[in-house]
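Enquirer: Let me begin by handing over the structure; questions about it come next.
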């Protein structure tokens, strides 16, 4: 089983600052890697897929990078609506999610 | 406009079964996979599996494969998830999501299932 570990658990930032979120896989993976944003009481929203491709309608301030075991989501210049929880997700034999990073 | 409308909240006793529906609109239903994902209170997202809406092929997470069933009704553009032998640990919000086999493009609003004696 491939385990995804996100860090940090919580990121305390202010609007306008840059957020860098990390996700580490327990073994090398292909780029079937995605990032989601979730706000309280809502279903998640796909931000990034294939490690670095922005989903339709996602602002350019969101970017994804990484390969192998280490992946990063960067949010340039946080907007008020970006304060949420972010999950990484991987496809291997099955699909799995990381534990989430809350941006507050 | 893409919509997923899920059925309403359910309360079940331990040992019972529950079915959640996901009515899709605004896109060609049979062009996508429907994933089911759940989230227990304060916990991470947990993938349960997917169903290929075109032919009904399913892939279940090993965690659930002995007690979950996914079906779909193409004419009704609706997907269904049935979970059997419920325990209190199955209390969660259950989401359906349209996607590929690798990730989920669009999510429903979620259905709260509460298991309590």
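Residue numbers (my numbering), protein chains in the order written: chain A, 5 to 108; chain B, 652 to 768. We treat Cβ as the ideally placed atom computed from N, Cα and C, and that holds for glycine.
1. Residues of chain A with CB under 7 Å from residue 721 (chain B), in chain order?
2. Once you ignore the five residues that flank residue 673 (chain B) on each side, which residues in its own chain have a CB closer than 7 Å to its CB?
3. Mind pulling the chain B residues with CB within less than 8 Å of residue 87 (chain A)?
4. Anyone know if the C-beta pair for residue 596 (chain B) and residue 766 (chain B) falls short of 7 Å?
5. Measuring straight from C-alpha to C-alpha, what distance separates residue 701 (chain B) and residue 94 (chain A)?
6. Tell me which residues share the same chain as residue 669 (chain B) and place their Cβ nearer than 6 Å to its Cβ, disregarding the 5 neighbours each side in the sequence.
7. Using the beta-carbon count (16 or more within 10 Å), is residue 689 (chain B) buried or exposed?
8. Taking Cβ-Cβ distances shorter than 9 Å, what residues in chain A pair up with residue 595 (chain B)?
9. For residue 25 (chain A), I'd like the list of residues in its chain whose CB is within less than 6 Å of its CB, leaving aside the five on either flank, ordered along the chain.
10. Should residue 736 (chain B) be labelled buried (16 or more other beta-carbon atoms within 10 Å of its own) or exposed?
11. Chain A partners of residue 715 (chain B), CB-CB under 9 Å?
12. Opposite residue 39 (chain A) in the DSSP bridges: which residues?
13. Have a look at B:708, B:718, B:762 and flag the residue whose alpha-carbon is nearest the alpha-carbon of residue 667 (chain B).
14. Report the residue from A:46, A:84, A:12, A:79 whose alpha carbon sits nearest the alpha carbon of residue 28 (chain A).
15. Going by the beta-carbon positions, is the gap between residue 704 (chain B) and residue 721 (chain B) smaller than 7 Å?
16. Measure the C-alpha to C-alpha separation of residue 23 (chain A) and residue 726 (chain B) and round it to an integer number of angstroms.
17. Under the three-state reduction of DSSP, which class applies to residue 661 (chain B): helix, strand or coil?
18. My output table needs one value for residue 722 (chain B): the three-state DSSP class, helix, strand or coil.
19. Anyone know if the C-beta pair for residue 37 (chain A) and residue 75 (chain A) falls short of 7 Å?
20. Does the CB of residue 77 (chain A) have a neighbour CB from chain B at under 7 Å?
Expert: So, from the data block:
1. Within the second chain, residue 721 (chain B) is the residue found at index 70, counting from 1. Per Cβ cutoff of 7 Å: no residues; residue 721 (chain B) is ~14 Å from chain A at best.
2. Within the second chain, numbered from 1, the residue matching residue 673 (chain B) stands at position 22. Answer for residue 673 (chain B): 655, 657, 685, 729, 730, 747, 759, listed in chain order.
3. To locate residue 87 (chain A), count along the first chain from 1; it is residue 83. For residue 87 (chain A), there are no neighbours in chain B by C-beta distance under 8 Å, as the nearest C-beta there is about 18 Å away.
4. Nothing about residue 596 (chain B) can be reported from this structure: the residues present for chain B run from 652 to 768 only.
5. For this step, residue 701 (chain B) is matched to residue 50 along the second chain. For this step, residue 94 (chain A) is matched to residue 90 along the first chain. Each residue's Cα considered, the two are about 14 Å apart.
6. Along the second chain, read from residue 1 onward, the residue named residue 669 (chain B) stands at position 18. Hits under 6 Å: 661, 663, 734, 764.
7. Looking up residue 689 (chain B) in the second chain gives position 38. So residue 689 (chain B) counts as buried.
8. Residue 595 (chain B) lies beyond the range of chain B shown here (652 to 768); nothing can be said about it.
9. On the first chain, position 21 is the one that residue 25 (chain A) refers to. If we look at residue 25 (chain A) and ignore the five residues flanking it on each side, its Cβ neighbours are 77, 90, 105.
10. Along the second chain, one-based indexing puts residue 736 (chain B) at 85. Label assigned to residue 736 (chain B): exposed.
11. Along the second chain, read from residue 1 onward, the residue named residue 715 (chain B) stands at position 64. Simply none; closest approach about 10 Å.
12. Residue mapping note: residue 39 (chain A) aligns to position 35 of the first chain, counting from 1. Its beta-bridge partners are A:52, A:92.
13. Along the second chain, read from residue 1 onward, the residue named residue 667 (chain B) stands at position 16. Comparing Cα-Cα distances from residue 667 (chain B) to each of B:708, B:718, B:762, the minimum goes to B:718.
14. Sequence index remark: in the first chain, residue 28 (chain A) carries index 24 (1-based). Restricting attention to A:46, A:84, A:12, A:79, the CA atom closest to the CA of residue 28 (chain A) is found in A:12.
15. Here residue 704 (chain B) refers to the residue found at position 53 of the second chain. Here residue 721 (chain B) refers to the residue found at position 70 of the second chain. Not in contact: residue 704 (chain B) and residue 721 (chain B) (Cβ atoms no closer than 7 Å).
16. Residue mapping note: residue 23 (chain A) aligns to position 19 of the first chain, counting from 1. Residue mapping note: residue 726 (chain B) aligns to position 75 of the second chain, counting from 1. Rounded to whole angstroms, residue 23 (chain A) to residue 726 (chain B) spans 45 Å at the Cα level.
17. Along the second chain, read from residue 1 onward, the residue named residue 661 (chain B) stands at position 10. Of the three classes helix, strand and coil, the one that applies to residue 661 (chain B) here is strand, per DSSP.
18. In the second chain, the residue the question calls residue 722 (chain B) occupies position 71. Strand.
19. For this step, residue 37 (chain A) is matched to residue 33 along the first chain. For this step, residue 75 (chain A) is matched to residue 71 along the first chain. Taking 7 Å as the Cβ cut-off, residue 37 (chain A) and residue 75 (chain A) qualify as a contacting pair.
20. For the purposes of this step, residue 77 (chain A) is taken as residue 73 along the first chain, with counting starting at 1. It does not; no Cβ of chain B falls within 7 Å.
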